[in-house]
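Going left to right, the sequence shown walks through residues 43 to 255 as my numbering numbers them. Every residue, glycine too, gets a C-beta built ideally from N, C-alpha and C. First up is the structure itself, then whatever we jot down about it.
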Amino acid sequence: MTAKKTKKPPVAKEVDQRLIRALGHPVRDRILRALNERVASPAVLAREWGEPVVNVAYHFRVLRDCDAIELVRREQRRGALEHFYRATLRPYLGAAEWESLPLSTRRALDAQNLRELWSHVTQAAGEGGFDDPGTHISWTRLELDDEAFAKVAGELGRLLERALELQGEVANRRAGDDTSGQRRTELAILHFDRPAMNGDGPTGNRRTKKRRP
Numbered sequence: 043m044t045a046k047k048t049k050k051p052p053v054a055k056e057v058d059q060r061l062i063r064a065l066g067h068p069v070r071d072r073i074l075r076a077l078n079e080r081v082a083s084p085a086v087l088a089r090e091w092g093e094p095v096v097n098v099a100y101h102f103r104v105l106r107d108c109d110a111i112e113l114v115r116r117e118q119r120r121g122a123l124e125h126f127y128r129a130t131l132r133p134y135l136g137a138a139e140w141e142s143l144p145l146s147t148r149r150a151l152d153a154q155n156l157r158e159l160w161s162h163v164t165q166a167a168g169e170g171g172f173d174d175p176g177t178h179i180s181w182t183r184l185e186l187d188d189e190a191f192a193k194v195a196g197e198l199g200r201l202l203e204r205a206l207e208l209q210g211e212v213a214n215r216r217a218g219d220d221t222s223g224q225r226r227t228e229l230a231i232l233h234f235d236r237p238a239m240n241g242d243g244p245t246g247n248r249r250t251k252k253r254r255p
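Next up, the structure:
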């Protein structure tokens, strides 16, 4: 899914417009994440997602024009030439890029990511994905001011950066295509303004079980 830093530093004078255009639509965000995992064509993803191939192909062209994907090969399929692509850009928006997106786009991206996140969580739960004692589940209600909110956001951003660094270290330790002992995990971080609820006040803090390694 699309990762974003929630800390709010001063907005950079020059924002990568190529990145904003590439990830500025939920379909392009979804395509780019798929192509970071494998090579695929517009027709392949359109069939998998139940979307009109013409719509998916349009967003492939936008990503290609942004240099976010590149052509890998062409294959003759049913009398037509099918183009297969891979990603050259990781679907990641920094704070400045995220703030530069229209609010409607940010909401659409968030809604899509939450739907896919929930789908992954429920599937993992049904297949033993949370059985390892090292997995972590927590839900904590906080009472913060703006300063504390910003500090929490900064710490969460640093946690994500460290997780990505560790992933890079793992890749460097492995030779070639060796995947022995590799664990495919997902890290989801949510921190948001909660809706008002009956009886929800300073004493309304509730926490689910938390597991630590």
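Within 7 Å, strictly: CB atoms of residue i and residue j
i      : j      : result
Val257 : Val81  : Lying before the first or after the last residue shown, residue 257 is absent from the chain, which here runs from 43 to 255.
Ile231 : Leu184 : no
Leu74  : Pro133 : yes
Gly223 : Thr147 : no
Asn78  : Ala129 : yes
Ile62  : Glu117 : no
Leu105 : Arg60  : no
Bounding residues of the beta strand (DSSP E) (the contiguous stretch that carries residue i)
i      : result
Ala129 : 122-129
Val114 : 111-119
Of the residues the options, the one placed nearest residue i, counting alpha carbons only
i      : options                        : result
Phe191 : Thr182, Phe234, Gln224         : Phe234
Asp109 : Leu159, Leu131, Gln165, Ala213 : Leu131
Glu112 : Arg103, Arg120, Arg119         : Arg103
Arg119 : Asp173, Gln209, Pro84          : Pro84
Ile179 : Ala137, Ala76, Ala238, Leu229  : Leu229
Trp181 : Val98, Lys193, Arg236          : Arg236
Ala64  : Ser142, Arg215, Trp160, Arg204 : Ser142
Gln165 : Pro94, Thr227, Glu189, Arg200  : Thr227
Cα-Cα separation, residue i to residue j
i      : j      : result
Pro175 : Asn155 : 26 Å
Glu158 : Ala167 : 14 Å
Thr48  : Phe172 : The pLDDT assigned to Thr48 is 46, lower than 50, so where the model puts this residue is not dependable; a value taken from the coordinates is nonetheless given after this. Roughly 26 Å between the two C-alpha positions.
Glu169 : Ala88  : 27 Å
Trp160 : Asp107 : 32 Å
Glu124 : Val95  : 12 Å
Tyr127 : Glu90  : 16 Å
Val98  : Arg200 : 34 Å
Asp188 : Gly136 : 20 Å
N-terminal and C-terminal residue of the alpha helix (DSSP H) that residue i is part of
i      : result
Pro68  : 68-77
Phe191 : 188-215
Phe102 : 95-107
His162 : 145-168
Any non-hydrogen atom of the ligand PLP closer than 6 Å to residue i Cβ
i     : result
Val86 : No copy of the ligand PLP appears in this structure; indeed no ligand is present at all.
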